[in-house]
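Numbering (my numbering), first residue to last: 9 to 151. Where is the CB? At the ideal position from N, CA and C, for every residue including glycine. Remarks on the structure that follows.
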């Protein structure tokens, strides 16, 4: 079914982006500031909210939790598409939630990120939207 493959493709893209982001957060310097002074200031300064963490620890934590959210999004949709694709036929709210999440990621990518995640999120969003059109405009009843 092309609509199932589109969900798998879109979910796989988000899973890949989230996994790469998590790897970059903990195992590379790709998300470090280029300026050593910036990193030192982040390690020595605190957010207004609390003095119990540093801006650097918050930065790492935000990146990690952001990654886990994308990984979860990708995995849960892959599992649903493989094991229970009928849910996508019978629950349009699932498409609405997925498309809303991807649209918000697209907004973030356009405003705050860079070309690679912007392109990946856009392709994933188009996959989910195309799948939804195929499912709900096909008129084919679900078993």
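- Judged by DSSP secondary structure, residue 78 falls within the alpha helix (DSSP H) whose first and last residues are 63 to 91.
- Distance from the Cα of residue 141 is smallest, within the candidate group 81, 60, 104, for 104.
- Within the same chain, and ignoring the five residues on either side of residue 10 in sequence, the residues whose Cβ sits closer than 7 Å to its Cβ are 142.
- In the three-state scheme derived from DSSP, where H, G and I count as helix and E and B as strand, residue 46 is classed as helix.
- In this structure, DSSP gives residue 146 a state outside helix and strand, which the three-state scheme calls coil.
- With fewer than 16 neighbouring CB atoms inside 10 Å of its own CB, residue 98 falls in the exposed class.
- About 11 Å separates the CB atoms of residue 81 and residue 129; that is not less than 8 Å, and the two are not in contact.
- Taking the Cα positions, residue 114 is about 6 Å away from residue 126.
- Look at residue 99 here: in three-state DSSP terms it is coil, with no helix or strand label.
- The stretch 15 to 30 makes contact with the stretch 58 to 77: 3 or more CB pairs, one atom from each, lie closer than 8 Å.
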